[in-house]
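Report on one structure; see the data block that follows.
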Amino acid sequence: MLNTSPIQAEQLAALSVLCPDSTIVFGGSYALGEHIPETSDCDIYIIPHTLADTRTVFYNKQKIQQWKKRVDMNLSLHVIPELALKFEFYKITGEVLVQG
Numbered sequence: 033m034l035n036t037s038p039i040q041a042e043q044l045a046a047l048s049v050l051c052p053d054s055t056i057v058f059g060g061s062y063a064l065g066e067h068i069p070e071t072s073d074c075d076i077y078i079i080p081h082t083l084a085d086t087r088t089v090f091y092n093k094q095k096i097q098q099w100k101k102r103v104d105m106n107l108s109l110h111v112i113p114e115l116a117l118k119f120e121f122y123k124i125t126g127e128v129l130v131q132g
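Okay, so the sequence shown: first residue is 33 according to the working numbering, each after it adds one.
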């Protein structure tokens, strides 16, 4: 598990428990080194690979929101199913933190 993001390894491990079998990517301006202190948010992308993985992420939605509140920074969490990436509805640039 890599961790060059501002999120601590313990916090990242807790998120990966809530999103098992999903890939977690650190992206956006923080990942590109273009963040503006005090104003930029940290983008975390949760990429479920299957319909079952997507269901698990949405089933754990409240727990994920609680996790987000415990992290002491401005975060934006994005859930983007792998199928949307394959059809190029979205493009994500960043670093894979957890490979699901």
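C-beta atoms are modelled at their ideal positions from N, C-alpha and C, and glycine is treated no differently. Since the structure is predicted, the reported quantities are computational estimates derived from the model, not experimental observations.
Exercise for the section: Specify the secondary structure class of Asp75 as computed by DSSP and reduced to three states. Expected result: For the purposes of this step, residue 75 is identified with residue 43 of the sequence shown, where counting begins at 1. In the three-state reduction of the DSSP assignment, Asp75 falls in the strand class.
Problem - Cβ neighbours of Ala116 in the same chain (closer than 7 angstroms, five flanking residues each side left out) - result: By 1-based counting over the sequence shown, the position of residue 116 is 84. Spatial neighbours of Ala116 in its own chain (CB-CB distance under 7 angstroms, excluding positions within 5 residues in sequence) are listed in chain order as Tyr122.
Exercise for the section: Specify the secondary structure class of Met33 as computed by DSSP and reduced to three states. Expected result: Locating residue 33 in the sequence shown gives position 1, counting from the first residue. Since pLDDT at Met33 reaches only 41, below the 50 mark, its modelled position is unreliable, and no value is offered.
Practice task
Mind checking which residues open and close the alpha helix (DSSP H) that includes Gly60?
Solution key: As a working mapping, residue 60 is identified with position 28 in the sequence shown. DSSP places Gly60 in the uninterrupted alpha helix (DSSP H) bounded by 60 to 64.
Exercise for the section: Apply the 10 Å Cβ neighbour rule to Pro52 and answer buried if 16 or more other Cβ atoms are within range, or exposed otherwise. Expected result: In the sequence shown, the residue the question calls residue 52 occupies position 20. In summary, Pro52 is exposed, with fewer than 16 beta-carbon neighbours lying within 10 Å of its beta-carbon over all protein chains present.
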